[in-house]
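Before any comments, here is the structure.
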Amino acid sequence: MQLEGKNVLITGGTRGIGRCMVQELVKGGVHNIAVIARDKQNLKELSQEFEDVKFMRIAGDVADIEVLREAAARIEDKWGHLDILINNAGIVSAGPLEDIQDEDLYDQVAVNITAVLLLTKYCIPLLKASQEAAILNISSGLGLLGMPFYAAYGSTKAAVRQFSDAMRRELAPFNISVTCSFPTATDTDMMEKFKGRTMDSPEFVAQRTIEGLLNKELHVIFGGEERLKENIMNFEAPQEFDKIVAKNYEDRKKASIGHKAV
Numbered sequence: 108m109q110l111e112g113k114n115v116l117i118t119g120g121t122r123g124i125g126r127c128m129v130q131e132l133v134k135g136g137v138h139n140i141a142v143i144a145r146d147k148q149n150l151k152e153l154s155q156e157f158e159d160v161k162f163m164r165i166a167g168d169v170a171d172i173e174v175l176r177e178a179a180a181r182i183e184d185k186w187g188h189l190d191i192l193i194n195n196a197g198i199v200s201a202g203p204l205e206d207i208q209d210e211d212l213y214d215q216v217a218v219n220i221t222a223v224l225l226l227t228k229y230c231i232p233l234l235k236a237s238q239e240a241a242i243l244n245i246s247s248g249l250g251l252l253g254m255p256f257y258a259a260y261g262s263t264k265a266a267v268r269q270f271s272d273a274m275r276r277e278l279a280p281f282n283i284s285v286t287c288s289f290p291t292a293t294d295t296d297m298m299e300k301f302k303g304r305t306m307d308s309p310e311f312v313a314q315r316t317i318e319g320l321l322n323k324e325l326h327v328i329f330g331g332e333e334r335l336k337e338n339i340m341n342f343e344a345p346q347e348f349d350k351i352v353a354k355n356y357e358d359r360k361k362a363s364i365g366h367k368a369v
């Protein structure tokens, strides 16, 4: 797949990995980019940074169903079709499940998976109108590996993985590819609490993820050989992996408390 001349919709495209993916899209020759984000100022600054790009700025929360409907309607009216949908927006609220506020649980589900389902639903007719279309969903390493104190976040990201596999098979007859990316710790605002630790740069994650999209890779997995071994052990010998996780239980708990990014 080539980026030149494509119409793209991305959620959460003004910060972190999302903003870096916008940069990759522009490098590849995309001139029509619709961005859904909550902060109007960030949307304005993004459009000013890339003056040659025709941005469709959609200010709103992806948890608001009307914002998602508006995005699809505006794209249909302006462009007539959509080539690439990138479901990137995500939030996290970690810690012991019993201590997380009810609204924070609801919000993670609403943003991380419900919005992905709904926006994809609204965009499918637009994607079918393209000669070659693609969906890129951003999951997480925690969507592959269930870890304590990230039960809610990890569950929503695991749902994104399952959704991606299902839609890839459902949309295959329509020449619509589906790629799912699984970033691990990335140096963005979402990981501000963990500054100083070794993390991937958002630029690297964005570049590798867009590369995976263009190559029509099913899954783009980060974390190297160590993470791969953990995933295999978790699948083949989960009780053994439980013992490894238990060794650092208190440290993991302490680190998770206060990890909230919206």
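With my numbering applied, the sequence shown corresponds to residues 108 to 369, in that order.
For each residue, glycine too, the CB sits at the ideal point set by N, CA and C.
Between the beta-carbon of Ile193 and that of Leu243 there is about 5 Å, and that keeps the pair under the 8 Å contact cut.
Distance check between Gly125 and each of His326, Pro280, Thr295 places Thr295 closest, using alpha-carbon atoms only.
In the three-state reduction of the DSSP assignment, Ile231 falls in the helix class, which pools H, G and I. In the DSSP assignment, the residues bridged to His326 are Cys287. Secondary structure note for Asn149: its alpha helix (DSSP H) is the uninterrupted segment 147-156.
Closest in alpha carbon position to Asp272, among Phe281, Cys287, Glu343, Asp190, is Cys287. In this structure, DSSP gives Thr263 a helical state, which the three-state scheme calls helix. Thr293 sits close to Met306, with the two beta carbons spaced by under 9 Å.
Annotation: Asn219 is outside any beta strand (DSSP E) and is labelled neither H nor E by DSSP. Under the DSSP definition of a beta bridge, Asn194 partners with Asn244. With respect to Ile140, Leu132 sits close: the two C-beta atoms are nearer than 9 Å. Going by DSSP, Thr118 is part of the beta strand (DSSP E) stretching over 114-118. Three or more Cβ pairs closer than 8 Å define a contact, and the stretch 249-263 meets that threshold against the stretch 186-201.
Straight-line measurement puts the Cα of Phe162 at about 21 Å from the Cα of Ala170. If you draw a straight line from the Cα of Thr221 to the Cα of Met274, it is about 15 Å long. The stretch 153-160 makes no contact with the stretch 178-195, as fewer than three CB pairs between them are under 8 Å. In summary, Phe342 is exposed, with fewer than 16 beta-carbon neighbours lying within 10 Å of its beta-carbon over all protein chains present.
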